[in-house]
Amino acid sequence: MKSVQRFFARLLNLAGRGRADRRLREEMEEHLVQQTEDNLRAGMSPDEARRQAVLKFGAVQAIREEYLTEHSLPLVWTVLQDLRYALRQLAASPGFASVVILTIALGIGATTAIYSVVDAVLLHPLPYPQPEQLVRIEIDFPGIGARDVYLSVPEWRDLERSGIFRYVAPERSGSVNVTGSSQPTRIQFKSVAANYFALLDVKPELGRVFDPNDPAPGFNLEVVISDGLWKRDFGADPDILGKTVRLDNDPYHVVGVMPPDFHDQGRTTEIRNTEIWAACGFSSLPAPPPARNSRRLRTAIARLEPGLTVAAAQRRLDALVVSLRRQFPADYPPESAWSIRLLPLGETVIGNVRQPLLLMMGAVGLVLLIACVNVANLLLARATARAREMAVRQALGAPRMRLICQLLTESLLLALLGGIAGLAVLFFTRTLLLRMIPEALPRLNEISINWTVLLFALSVSVLAGVFFGLAPALQASRQDPIHVLRQEGRGSKGSKRQTWTLSALVVTEFALSLVLLIAAGLLLHSFWDLFKVHLGFDPGDVMAVKVSIPFPNDPATDIYGTPAQQAQLTRELLRRGQSLPGVKEIAIGSLEAIPLNHDKNLFRLALEGQDTRSSLPHQIQGAGVTPGYFHLLGIPLLQGRIFSETDVEKAPSVAVVNEAFARTWWPGEDPLGRRIKLGGAATAWTAIVGVVGNARTESLEDASVPQIYLCSWQRTDKDLAIFLRGRLDPAKLPEQVRNLVQSLNSELPVFGAKRLPDVVSGSLEQRRFSMKIVLLFALAALLLAGIGVYGTISYIVSGRTRDIGIRIALGAQRTAILQMILNQGLTLALIGTAVGLICALIVSRMMAGLLYGVSPNDPLTFISFPVVLVFVAMVACYVPARRAMRVDPIVALRDA
Amino acid sequence: MPERSDVLQGTLALMVLKTLDLLGPLHGYGIARRIEQISGDLLAVNQGTLYPLLLKLENEGAIASDWGTSENNRRARFYRLTRAGHKQLQSETRDWEQTAAIIARFFDVKAEDLS
Chain W
32 MKSVQRFFAR LLNLAGRGRA DRRLREEMEE HLVQQTEDNL RAGMSPDEAR RQAVLKFGAV
92 QAIREEYLTE HSLPLVWTVL QDLRYALRQL AASPGFASVV ILTIALGIGA TTAIYSVVDA
152 VLLHPLPYPQ PEQLVRIEID FPGIGARDVY LSVPEWRDLE RSGIFRYVAP ERSGSVNVTG
212 SSQPTRIQFK SVAANYFALL DVKPELGRVF DPNDPAPGFN LEVVISDGLW KRDFGADPDI
272 LGKTVRLDND PYHVVGVMPP DFHDQGRTTE IRNTEIWAAC GFSSLPAPPP ARNSRRLRTA
332 IARLEPGLTV AAAQRRLDAL VVSLRRQFPA DYPPESAWSI RLLPLGETVI GNVRQPLLLM
392 MGAVGLVLLI ACVNVANLLL ARATARAREM AVRQALGAPR MRLICQLLTE SLLLALLGGI
452 AGLAVLFFTR TLLLRMIPEA LPRLNEISIN WTVLLFALSV SVLAGVFFGL APALQASRQD
512 PIHVLRQEGR GSKGSKRQTW TLSALVVTEF ALSLVLLIAA GLLLHSFWDL FKVHLGFDPG
572 DVMAVKVSIP FPNDPATDIY GTPAQQAQLT RELLRRGQSL PGVKEIAIGS LEAIPLNHDK
632 NLFRLALEGQ DTRSSLPHQI QGAGVTPGYF HLLGIPLLQG RIFSETDVEK APSVAVVNEA
692 FARTWWPGED PLGRRIKLGG AATAWTAIVG VVGNARTESL EDASVPQIYL CSWQRTDKDL
752 AIFLRGRLDP AKLPEQVRNL VQSLNSELPV FGAKRLPDVV SGSLEQRRFS MKIVLLFALA
812 ALLLAGIGVY GTISYIVSGR TRDIGIRIAL GAQRTAILQM ILNQGLTLAL IGTAVGLICA
872 LIVSRMMAGL LYGVSPNDPL TFISFPVVLV FVAMVACYVP ARRAMRVDPI VALRDA
Chain B
42 MPERSDVLQG TLALMVLKTL DLLGPLHGYG IARRIEQISG DLLAVNQGTL YPLLLKLENE
102 GAIASDWGTS ENNRRARFYR LTRAGHKQLQ SETRDWEQTA AIIARFFDVK AEDLS
């Protein structure tokens with residue numbers, strides 16, 4: 032208690048040192064005066080009285096030191112003193128200070144920026160309580176090569192009863208037409224099990240969520256809406272609860288509104304931005320009656336029982352799977368190897384951005400490291416200039432530790448100032464920077480400069496300060512003061528050891544920059560390969576506009592319920608669309624027909640003549656299209672025919688497949704006339720009538736994804752895309768299409784107009800982003816390394832002026848001097864390159880997953896970038912080398 | 042700096058507190074003279090070392106100080122005991138007496154008493 036009080040009293044006294052000193056002086060003076068007076072009274076002479084008083088008082092300086100030590104905290108005081116001295120030092124050389132602070136600001140600003148993304152995306156992927164308990168359930172049939180297939184309702188029930196999970200919630204994402212407001216809108220929608228929100232453990236801001244024990248087998252006609260939808264479409268109506276909204280013409284009533292910071296979980300941005308949720312039992316209309324082989328539940332998530340790890344849950348689940356396989360051998364034949372996998376939900380949300388993000392973090396870390404090395408270089412050079420100051424202080428008795436502390440204080444101050452500057456720049460440019468990030472990045476909205484990020488910036492600053500300050504501090508304090516002071520005024524400044532440290536730092540810089548350059552080069556190469564890849568279709572001048580037809584829960588109320596009914600609408604759309612301004616060609620397809628779209632419609636495929644295990648899905652990607660689709664997108668017909676006007680509902684079902692499909696299922700055989708079933712044994716046979724070329728409509732990376740096209744006249748796809756080719760006006764077209772569609776049916780929403788070239792370039796966005804970032808960092812690193820080698824060689828040259836002067840005086844050729852200095856730089860660059868090449872080989876192997884069409888040890892990249900690096904080093908050395916060449920021996924020797 | 046044992050440092054603080062308790066507010070010189078007067082030549086302290094000690098006691102909250110006017114009409118810093126200081130004095134006095142009693146008993150013991 033006493034010591035605590037004393038500590039705080041001393042802490043508060045930190046500022047008032049001068050006042051305390053004055054007080055002590057005054058008290059001491061008063062003491063001496065009184066003692067002197069007493070001594071006089073005792074009969075001493077005035078001089079003797081004063082002398083005796085002083086003697087009795089004791090050593091004034093020691094007392095004063097003790098007093099001031101007691102006054103406040105000496106350690107803190109020392110630090111403050113060092114800090115003040117450091118500030119004065121920096122103010123005395125503003126040029127040096129600003130270069131260092133800028134370099135550090137760059138490094139720390141960039142590192143913090145990337146970290147803030149990593150923090151939000153990788154470290155906090157799920158904004159729900161106890162996120163580690165959340166898993167995604169995936170069903171596989173590895174025996175027949177089917178992964179992540181749908182779940183069936185009986186399987187869902189099995190999982191719920193297993194005791195492994197607290198909740199299991201199937202979910203199905205899509206979009207719905209919301210009608211009732213001025214303009215029909217298309218809203219991202221999720222039908223979820225009633226326990227969905229209980230599972231996520233989130234509370235609404237208004238009303239309630241679904242009752243987790245709701246027994247309704249179908250939709251219970253309750254919806255929860257997002258805060259955004261509530262504010263946008265319902266004017267933040269406080270009486271929203273109980274109001275009716277029509278989703279695809281079915282009336283639902285609103286029971287709750289989620290808070291603004293709630294974001295749904297899911298693999299894509301669209302799903303994460305779901306705005307309306309309906310509770311569904313998935314066991315009656317509109318779903319078919321539950322059966323084990325009726326796999327309708329696209330995805331399911333679950334919350335584990337408390338205390339259960341994912342691994343432990345997986346073990347218990349494996350046991351359950353074994354017993355179910357035994358119980359239902361018809362549904363789970365042994366050769367299919369049916370299994371259930373649990374994946375931490377966070378990982379599935381992060382998806383494929385982990386690697387690029389880690390790469391960026393690594394790249395920015397290297398830039399920071401190079402920045403630190405540069406600053407260490409600058410400090411070292413400066414330490415030489417301050418050698419005399421250090422020597423004098425040492426000679427006057429300053430302990431070595433004290434000097435190191437002081438120099439470290441200086442570098443820490445520089446680092447912190449740099450960190451603050453970097454953060455300030457980051458803070459003011461954050462909106463601009465956020466706009467650069469691809470939209471597909473999960474949790475984009477959560478990226479912010481929060482406390483964790485600030486703490487990170489602070490720790491990095493301190494680490495950086497110690498890192499770049501330690502070597503120069505040790506170096507400066509290690510000098511022999513006598514040696515330095517005696518040498519003062521003579522030529523040779525740098526000691527061997529100092530030159531060696533500087534060279535080592537430059538080599539490090541070169542190695543690090545080379546790693547970054549090669550990483551960037553490989554990414555650039557991959558990007559370029561993807562960019563100029565042969566698409567197999569022609570996106571130029573094509574626009575796609577989405578239209579959605581309502582899908583009411585009761586099929587009887589669906590006015591587009593049969594293919595014939597829908598074909599009527601589609602044909603009318605095609606006929607009228609032809610006359611829109613600029614339109615040369617028009618076609619309609621299901622949503623999946625849009626190239627590089629993330630929507631997937633997977634069909635269960637069974638082939639005639641092959642073992643038709645109808646319940647075991649070979650999944651195949653398919654889309655419904657009108658005959659004009661292939662010509663419009665420039666997908667060539669290779670064999671057979673495309674759809675015709677006679678392929679209608681009553682006619683036999685037909686399909687066109689791509690080359691990859693034909694090769695996969697009928698290698699070396701004629702696919703024409705073959706028959707397949709899509710969607711179970713009960714469906715009719717579909718005949719293959721044509722084969723078209725492979726088009727990279729699934730992913731740019733993969734040239735040959737098996738693909739099947741079905742005829743629109745024979746289908747009732749609800750989510751449609753209208754494709755238009757011609758001289759279109761992207762600004763006016765959406766409105767023109769809307770008017771066209773709504774002149775046929777005013778309740779159909781028209782949305783999502785996009786130019787296909789934008790879609791193609793958008794699918795490269797994430798790659799383009801990571802490539803740009805890494806390239807930017809690599810160039811920054813190259814620049815920093817160039818500056819580093821320039822500074823080091825300049826320093827070495829200025830230290831050797833006298834030596835060079837003597838050589839010239841003795842008749843050395845000036846070109847030989849130039850050669851000598853350049854050789855020195857070249858040696859450093861070559862060593863750095865060698866080290867860098869080895870590191871780059873390791874790094875490039877780690878980033879193999881991010882590359883496309885280029886080997887991780889691509890010789891072109893591994894040869895050209897070292898050449899660039901050495902060239903930059905030579906240019907950076909040339910300036911100081913020329914200066915060395917021009918040394919005037921007379922001046923050099925006289926000055927020395 | 043003259044070496045002083047911790048015991049002396051501790052007792053000096055106790056003496057200061059006791060002096061202030063007995064005589065009320067005093068300036069530094071006054072405290073030094075009283076201590077000298079009471080202890081005689083037995084305690085040859087460098088008087089200056091009193092000041093860091095006073096500051097320490099003040100930081101601990103046992104004493105407080107204010108500027109005042111000395112007997113010869115000059116500005117001087119006067120120290121007085123605080124409530125906390127009073128309590129500290131009491132408890133330390135008790136401790137001291139206990140310690141002294143134990144030590145005294147040890148010194149009184151003769152070899153035959155322990156056989």
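So the protein sequences, as listed, match chains W and B. Here the working numbering is used: the first residue of the first sequence is 32, the next is one more, and so on. Here the working numbering is used: the first residue of the second sequence is 42, the next is one more, and so on. Beta carbons: idealized from backbone N, C-alpha and C, even for Gly.
{"query": "Residues of its chain near residue 594/W, where Cβ-Cβ distance is below 7 Å and the 5 sequence neighbours each way are ignored", "result": "680, 744, 745, 746 and 747"}
{"query": "Contact set for residue 273/W: own chain, Cβ-Cβ below 6 Å, skip 5 residues either direction", "result": "284"}
{"query": "Residue 53/B at chain W interface by Cβ criterion, 8 Å", "result": "no"}
{"query": "Of the residues 598/W, 233/W, 713/W and 266/W, the one placed nearest residue 289/W, counting alpha carbons only", "result": "233/W"}
{"query": "Burial state of residue 708/W (16 or more Cβ within 10 Å)", "result": "buried"}
{"query": "Contact list for residue 89/W against chain B, beta-carbon separation under 8 Å", "result": "43, 87, 88, 89 and 90"}
{"query": "Option in 896/W, 843/W, 897/W and 818/W with minimal Cα separation from residue 409/W", "result": "818/W"}
{"query": "Alpha-carbon to alpha-carbon, residue 890/W and residue 186/W", "result": "52 Å"}
{"query": "Residue 643/W, DSSP secondary structure in three states", "result": "Unreliable placement is indicated for residue 643/W, whose pLDDT of 48 sits below 50; the coordinate value is still reported in the next sentence. In the structure shown, residue 643/W sits in coil (DSSP, three-state: anything other than H, G, I, E or B)."}
{"query": "Within-8 Å CB hit, residue 105/B to chain W", "result": "no"}
{"query": "C-alpha gap between residue 522/W and residue 535/W, whole angstroms", "result": "At residue 522/W the pLDDT is 43, less than 50, meaning the model places this residue with poor confidence and gives no usable figure here."}
{"query": "Residue 588/W burial status per 10 Å Cβ neighbour count (16 or more: buried)", "result": "exposed"}
{"query": "Cβ pair residue 96/B, residue 98/W closer than 8 Å", "result": "yes"}
{"query": "Three-pair Cβ contact test at 8 Å for the stretch 75-84 of chain W versus the stretch 401-415 of chain W", "result": "no"}
{"query": "Inter-stretch contact (C-beta, 8 Å, three-pair minimum) for the stretch 447-462 of chain W and the stretch 487-503 of chain W", "result": "yes"}
{"query": "Same chain, Cβ closer than 6 Å to residue 674/W, five either side skipped, listed in chain order", "result": "658 and 742"}
{"query": "Residues bridged to residue 723/W (per DSSP)", "result": "668/W and 689/W"}
{"query": "Touch test, the stretch 860-876 of chain W against the stretch 533-548 of chain W, Cβ-Cβ under 8 Å, three pairs minimum", "result": "yes"}
{"query": "Spatial neighbours of residue 80/W in its chain, beta-carbon cut-off 6 Å, leaving aside the 5 residues before and after", "result": "67, 70 and 71"}
{"query": "Cutoff 8 Å: residue 75/B Cβ touching any chain W Cβ", "result": "no"}
{"query": "Assigned exposure category for residue 615/W - 16 Cβ within 10 Å defines buried", "result": "exposed"}
{"query": "Where residue 144/B falls: helix, strand or coil (DSSP)", "result": "helix"}
{"query": "Whole-angstrom distance between residue 181/W and residue 153/W, CA atom to CA atom", "result": "27 Å"}
{"query": "Whether residue 920/W touches residue 836/W by CB criterion (8 Å)", "result": "yes"}
{"query": "Euclidean distance between Cα positions of residue 107/W and residue 504/W", "result": "20 Å"}
{"query": "Classification of residue 294/W by the beta-carbon crowding that lies within 10 angstroms, buried from 16 upward", "result": "buried"}
{"query": "First through last residue of the alpha helix (DSSP H) which encompasses residue 186/W", "result": "184-192"}
{"query": "Residue 582/W, DSSP secondary structure in three states", "result": "coil"}
{"query": "Alpha-carbon spacing of residue 945/W relative to residue 160/W, whole angstroms", "result": "Residue 945/W lies beyond the residue range present for chain W, which begins at 32 and ends at 927; the question has no answer from this structure."}
{"query": "Residue 586/W versus residue 592/W - alpha carbon distance", "result": "7 Å"}
{"query": "Length of the line joining the Cα atoms of residue 606/W and residue 738/W", "result": "28 Å"}
{"query": "Contact list for residue 96/B against chain W, beta-carbon separation under 7 Å", "result": "98, 101 and 102"}
{"query": "DSSP state of residue 383/W mapped onto helix, strand, coil", "result": "helix"}
{"query": "For residue 80/B, the nearest candidate out of 91/B, 56/B, 70/B and 100/B (CA to CA)", "result": "56/B"}
{"query": "Chain B contact for residue 58/W (CB, 8 Å cutoff)", "result": "yes"}
{"query": "3-residue-minimum beta strand (DSSP E) runs that sit fully inside the stretch 709-790 of chain W, ordered along the chain", "result": "717-723, 738-742, 750-757 and 781-786"}
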